[in-house]
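As they're listed, the protein sequences go chains A and B. Read the first sequence against the numbering used here and you will find it ends at 172, with the numbers running on by one and no gaps. Read the second sequence against the numbering used here and you will find it ends at 572, with the numbers running on by one and no gaps. Worksheet: the structure to be examined is printed underneath.
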Amino acid sequence: MALVKNGTLVADDEWRFVAEADEIPAEGAVVVTARRWLKERDRFAGRNAPTGIKIEAGDDIKALAADIDRFGLVAVDFPKFNDGRGYSTAHLLRERYGYKGEIRAVGRVLRDSLLYMHRCGFDAFDIVDKDPLGAWRQKLGEMSVFYQPATDDRTPARELRHPRRPLARAS
Amino acid sequence: MYRYDEYDHRILAERVEQFRDQVGRRIAGDISEDEFKPLRLMNGLYLQLHAYMLRVAIPYGMLSSTQLRKLAYIARRFDKGYGHFTTRQNIQYHWIKLEQAPDILGELAEVEMHAIQTSGNCVRNTTADQFAGVAFDEIEDPRVWCEIVRQWSTFHPEFSFLPRKFKIAITGSPHDRAALCVHDIGLRMHRDAAGEIGFEVMVGGGQGRTPMLAETIRPFLPKQYLLSYLEAILRVYNQLGRRDNIHKARIKILVGAVGAAEFARLVEAEWQASRNEDLELPAAEFERIHAHFALPPYEALPAETPAFHAKRFENREFARWVRTNVSRHKQPGYAIVTVSLKPEGGVPGDASDRQMEAMADIAERFSFGEVRVTHEQNLVLAHVKEADLYELWRNLGFFDLAAANAGLITDIIACPGLDYCSLANARSIPVSQAIGRRFADPERQARIGELKIKISGCINACGHHHVGHIGILGVDKKGEEFYQITLGGSADETAALGDIVGPAFAYDRVVDAVDTIVDTYLGIRIEGERFLDTYRRVGLQPFKERLYGAR
Numbered sequence: 002m003a004l005v006k007n008g009t010l011v012a013d014d015e016w017r018f019v020a021e022a023d024e025i026p027a028e029g030a031v032v033v034t035a036r037r038w039l040k041e042r043d044r045f046a047g048r049n050a051p052t053g054i055k056i057e058a059g060d061d062i063k064a065l066a067a068d069i070d071r072f073g074l075v076a077v078d079f080p081k082f083n084d085g086r087g088y089s090t091a092h093l094l095r096e097r098y099g100y101k102g103e104i105r106a107v108g109r110v111l112r113d114s115l116l117y118m119h120r121c122g123f124d125a126f127d128i129v130d131k132d133p134l135g136a137w138r139q140k141l142g143e144m145s146v147f148y149q150p151a152t153d154d155r156t157p158a159r160e161l162r163h164p165r166r167p168l169a170r171a172s
Numbered sequence: 022m023y024r025y026d027e028y029d030h031r032i033l034a035e036r037v038e039q040f041r042d043q044v045g046r047r048i049a050g051d052i053s054e055d056e057f058k059p060l061r062l063m064n065g066l067y068l069q070l071h072a073y074m075l076r077v078a079i080p081y082g083m084l085s086s087t088q089l090r091k092l093a094y095i096a097r098r099f100d101k102g103y104g105h106f107t108t109r110q111n112i113q114y115h116w117i118k119l120e121q122a123p124d125i126l127g128e129l130a131e132v133e134m135h136a137i138q139t140s141g142n143c144v145r146n147t148t149a150d151q152f153a154g155v156a157f158d159e160i161e162d163p164r165v166w167c168e169i170v171r172q173w174s175t176f177h178p179e180f181s182f183l184p185r186k187f188k189i190a191i192t193g194s195p196h197d198r199a200a201l202c203v204h205d206i207g208l209r210m211h212r213d214a215a216g217e218i219g220f221e222v223m224v225g226g227g228q229g230r231t232p233m234l235a236e237t238i239r240p241f242l243p244k245q246y247l248l249s250y251l252e253a254i255l256r257v258y259n260q261l262g263r264r265d266n267i268h269k270a271r272i273k274i275l276v277g278a279v280g281a282a283e284f285a286r287l288v289e290a291e292w293q294a295s296r297n298e299d300l301e302l303p304a305a306e307f308e309r310i311h312a313h314f315a316l317p318p319y320e321a322l323p324a325e326t327p328a329f330h331a332k333r334f335e336n337r338e339f340a341r342w343v344r345t346n347v348s349r350h351k352q353p354g355y356a357i358v359t360v361s362l363k364p365e366g367g368v369p370g371d372a373s374d375r376q377m378e379a380m381a382d383i384a385e386r387f388s389f390g391e392v393r394v395t396h397e398q399n400l401v402l403a404h405v406k407e408a409d410l411y412e413l414w415r416n417l418g419f420f421d422l423a424a425a426n427a428g429l430i431t432d433i434i435a436c437p438g439l440d441y442c443s444l445a446n447a448r449s450i451p452v453s454q455a456i457g458r459r460f461a462d463p464e465r466q467a468r469i470g471e472l473k474i475k476i477s478g479c480i481n482a483c484g485h486h487h488v489g490h491i492g493i494l495g496v497d498k499k500g501e502e503f504y505q506i507t508l509g510g511s512a513d514e515t516a517a518l519g520d521i522v523g524p525a526f527a528y529d530r531v532v533d534a535v536d537t538i539v540d541t542y543l544g545i546r547i548e549g550e551r552f553l554d555t556y557r558r559v560g561l562q563p564f565k566e567r568l569y570g571a572r
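Below, the structure written as structure tokens:
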């Protein structure tokens, strides 16, 4: 597994994922489960280091909406390659809750999911592959036209087909 | 019909190359069968009992003569000379070699066809009324919306790993020929009190082991909001649909669990919250797609065609075929022709390469080069001049395509069954052939009238047995094929699920059982009743007594 962010390998990831039962370290950026955050959120208030959360498939993200700007990272877990709940989670984080920080795909993040994840608003990927960067480059370059608008800045075919004409200059 | 532009072409070309790379990696051993499986399924490639099966999408059942000739070529060059048209308006080839699959997809791409999303837990081929655009009672052509849904759903990044497969059907007519009620989403176009056109949105229909009829969650959705509303339904389903049990993962189970009213509320809330996301199609793009479905240049003809009527009097066989296989067209002097793929002794839905080529030629000569596939596994020529019907019928006859049985007892839907399918418990094809032979006499078929038999080889119900007037389900009893019979199912606007008539019948008894059911009906029907009408009036009891009474 290796982390790819903005198209490059990240060797020294600052975030430390803290397991449910483990003590939260005083220093450094940590990622805790959404469940723990909701239970212990007051404990994090005085902490002088960034906090991230990990959303597991099935978590209700509405409960996190009010806190969303407090997170330096949102990790979205894919328990299986074909469990697609995380795609909607990322979409909602960006479009509904206006989250601007890093959304990282973790878990069964395989090469054939990367493009769809990117289109749904993920910008960091903990990729399970022998050649994570190669997988990233191949998969993101395979398709160049897209039918539907999504949570990315690719222009869908339906708009490419009807380019806006520049306004005629008033003489 | 819709034609690809440079963007559609590029999407398809890139997809073919992607799959070629994946097949190459599989053949080289770089990826395991487990890893390869979801990739091939997303390109319609299944592993069946004897070989790979390739399911090719026919979007909402529409084919040009050029496309049909390509399907014939693929049948001849890559398969055993035939293809099988399915209840989802697709075509399947059952004898495919893995290493040739990318080449087949390349051939298909040349004629703007593909196998994308014909499998997998994603939005499948959207199906439509086969009389779309020409039905005399139609409110609006549903194909425009089908194509909009096709483009929106193709490689949708958020909805490609749903809990389970997802099927949408659309009709623009009050009479439902598209079996809306057994789809995950059924969309029926109609007018509201103000005369505006919109969709009645039905959700949660399906067959399989838990058959359910779709329930209306929105009586009227103004049509311009279709895509955002579909996204709302799919987002709710993607988040809340069950993923712990494949048999409980379809949307019908979710709708059943929370209730249609609560599901409607969830969708409405999601829809309201996402209204600002700018999903609706720009007007210029709607116009572009709409223009592709302009009707062909019909001639102005009188409403009556005397020469056609004269032929009906002269030739009884022709008259019989007209009665069953020709439907009313909205354009005076024209007719809609259903070409039966159910000849006596044939395999329902199968067509040989020669028949496909013949249909392509016939369509060019008589119907503006356009052919449609129906969910009842027949073909349709949608724009035939009444004056040409006799000549058309003669031509169809040369290729064993003139069976006069549309809607009759031998117009059977059947899945491939145990002859091909690795999921099946029992054979479907020989049962349908045996019924076809037993009821071959055209006079007898005419006397029986409208009667839809649907046969599935297992509980997955690909042969739609739950909604057959007579449904036949193959089951396995200690290694032997048995068949459970249901009565009273229907897939139209009066949709109903069939009732189990009693214990299952052995393979060699099932045709006799059907015969007994038909005989019972003929004995008790009131003048003018179809089988379904009689059944709805009298219920199971008289049929039970005749079938099991002697025991």
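Backbone N, C-alpha and C define an ideal beta-carbon position, used for all residues, glycine too. Note that this is a predicted model, so its numbers are computed, not measured.
Check whether the Cβ of residue i lies closer than 8 Å to any Cβ atom in chain B.
| i | result |
| --- | --- |
| Ala-171(A) | Because the pLDDT of Ala-171(A) is 48, which lies under 50, any placement of that residue in the model is unreliable, and the question is left without a value. |
| Val-146(A) | yes |
| Asp-70(A) | no |
| Tyr-117(A) | yes |
| Gly-85(A) | yes |
| Tyr-98(A) | no |
| Arg-109(A) | no |
| Glu-143(A) | yes |
| Arg-159(A) | yes |
| Arg-162(A) | yes |
| Arg-1(A) | In this structure chain A extends from 2 to 172, so residue 1(A) is not present and cannot be described. |
| Pro-133(A) | no |
| Arg-120(A) | yes |
| Ala-67(A) | no |
Can you check DSSP and say which residues form a bridge with residue i?
| i | result |
| --- | --- |
| Met-74(B) | Tyr-67(B) |
| Glu-236(B) | Val-224(B) |
| Ile-521(B) | Thr-507(B) |
| Arg-212(B) | Ile-218(B) |
| Phe-106(B) | Ile-112(B) |
Could you tell me how far apart the beta carbons of residue i and residue j are, in whole angstroms, since I believe they sit closer than 8 Å?
| i | j | result |
| --- | --- | --- |
| Gly-495(B) | Tyr-504(B) | 6 Å |
| Lys-188(B) | Phe-220(B) | Not confirmed; about 16 Å, so no contact. |
| Ile-137(B) | Ala-190(B) | With 8 Å as the limit, Ile-137(B) and Ala-190(B) do not qualify as a contact, their Cβ atoms being about 18 Å apart. |
| Asp-513(B) | His-204(B) | With 8 Å as the limit, Asp-513(B) and His-204(B) do not qualify as a contact, their Cβ atoms being about 13 Å apart. |
| Asp-374(B) | Tyr-103(B) | 7 Å |
| Glu-397(B) | Asp-371(B) | No, Glu-397(B) and Asp-371(B) are not in contact; Cβ-Cβ is about 14 Å, not under 8 Å. |
| Val-401(B) | Val-360(B) | 7 Å |
| Asp-113(A) | Leu-60(B) | 6 Å |
Would you say residue i reaches chain A, if we count a Cβ-Cβ gap shorter than 8 Å as a contact?
| i | result |
| --- | --- |
| Pro-123(B) | no |
| Ala-153(B) | no |
| Met-22(B) | no |
| Glu-179(B) | yes |
| Arg-61(B) | no |
| Arg-309(B) | yes |
From this set, the options, which residue's C-alpha is nearest residue i's C-alpha?
| i | options | result |
| --- | --- | --- |
| Leu-439(B) | Glu-501(B), Gly-560(B), Val-203(B), Gln-293(B) | Glu-501(B) |
| Leu-10(A) | Arg-17(A), Glu-21(A), Ala-136(A), Ser-145(A) | Ala-136(A) |
| Ala-173(A) | Ala-50(A), Ala-151(A), Glu-41(A) | The displayed coordinates of chain A run from 2 to 172. Any statement about residue 173(A) would go beyond what the structure contains. |
| Arg-36(B) | Met-134(B), Tyr-23(B), Arg-98(B) | Met-134(B) |
| Arg-44(A) | Glu-24(A), Asp-61(A), Glu-57(A), Gly-59(A) | Glu-24(A) |
| Cys-436(B) | Gly-50(B), Phe-460(B), Ala-447(B), Thr-87(B) | Ala-447(B) |
| Ile-56(A) | Arg-112(A), Gly-47(A), Leu-39(A) | Leu-39(A) |
| Asp-540(B) | Leu-70(B), Tyr-250(B), Arg-558(B), Leu-568(B) | Leu-568(B) |
| Ala-214(B) | Lys-475(B), Pro-80(B), Gly-193(B), Leu-242(B) | Leu-242(B) |
| Tyr-528(B) | Glu-548(B), Leu-553(B), Ile-480(B), Ile-450(B) | Ile-450(B) |
| Asn-3(B) | Leu-287(B), Gly-65(B), Gly-492(B) | In the structure displayed, chain B extends from 22 to 572; residue 3(B) sits before or after that span and is not available. |
| Arg-11(B) | Val-559(B), His-115(B), Pro-353(B) | Residue 11(B) lies beyond the residue range present for chain B, which begins at 22 and ends at 572; the question has no answer from this structure. |
| Met-223(B) | Ala-285(B), Ile-476(B), Asp-124(B), Val-279(B) | Ala-285(B) |
| Tyr-88(A) | Val-132(B), Phe-182(B), Ile-117(B) | Phe-182(B) |
Residue ranges of each alpha helix (DSSP H) run of no fewer than 4 residues wholly in the stretch 319-385 of chain B, ordered along the chain?
327-335, 337-346
Can you check the stretch 89-145 of chain A for any beta strand (DSSP E) of at least 3 residues that lies completely inside it and give the ranges in chain order?
103-108, 125-128
Runs of 3 residues minimum, wholly inside the stretch 437-509 of chain B: which ones carry the beta strand (DSSP E) assignment?
474-477, 491-498, 501-508
Could you tell me which uninterrupted alpha helix (DSSP H) segments, each at least 4 residues in length, are contained entirely in the stretch 118-206 of chain B, listed from first to last along the chain?
122-131, 163-174
Contiguous alpha helix (DSSP H) assignments of at least 4 residues, all confined to the stretch 383-435 of chain B:
Taken in chain order, the whole alpha helix (DSSP H) runs of length 4 or more contained in the stretch 383-435 of chain B are 410-419.
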